[in-house]
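For reference, the structure is listed below as structure tokens.
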Amino acid sequence: MTIESERFNIMFILQNEQNISFEEACIEGLRIHDEFVKEMESLSICLPDFSPYQKEVENYVYHMKLMVTGCNAWYYEGGTQRYFPDGFAVTPDGQAPIPLDFEVKHISRE
């Protein structure tokens, strides 16, 4: 099933709270996302010693990462075009795709 009109709430929250354009909100949303991913990766490789709970903590972190990659796979395999090179964003009224002046990141699954 392809979704004709997709939106992420973060873009509209950023647009409203920071009084910025939709395109600027998309760029800021991507920046925030990338910052969180970088922080999670950094923290996960520098875990302190949790002694008797070390194995459980490592298992928890592993499954958190698995959840994120699972969500990513769900989007790629669910029919959306959002994450492909010709990905799209819709206007706030949901009427039509709008051209963006930044490149949509794409990671090949091959």
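Sequential numbering of the sequence shown, starting at 724, is according to my numbering.
Glycine is no exception: its CB is placed at the ideal position from the N, C-alpha and C atoms.
The structure displayed is predicted, hence computed values, not measured ones.
Opening and closing residue of the alpha helix (DSSP H) in which residue i lies
i	result
residue 743	That residue, residue 743, is in no alpha helix (DSSP H); it is neither H nor E in DSSP.
Proximity below 8 Å, CB of residue i to CB of residue j
i	j	result
residue 763	residue 748	no
residue 780	residue 789	no
residue 751	residue 737	yes
Sequence-distant residues of its chain with Cβ nearer than 6 Å to residue i (five each side left out)
i	result
residue 784	767
residue 741	none
Proximity to residue i [Cα-Cα], best of the options
i	options	result
residue 791	773, 775, 759	759
Neighbourhood of residue i by C-beta distance below 7 Å, restricted to the same chain and skipping five residues each side
i	result
residue 777	none
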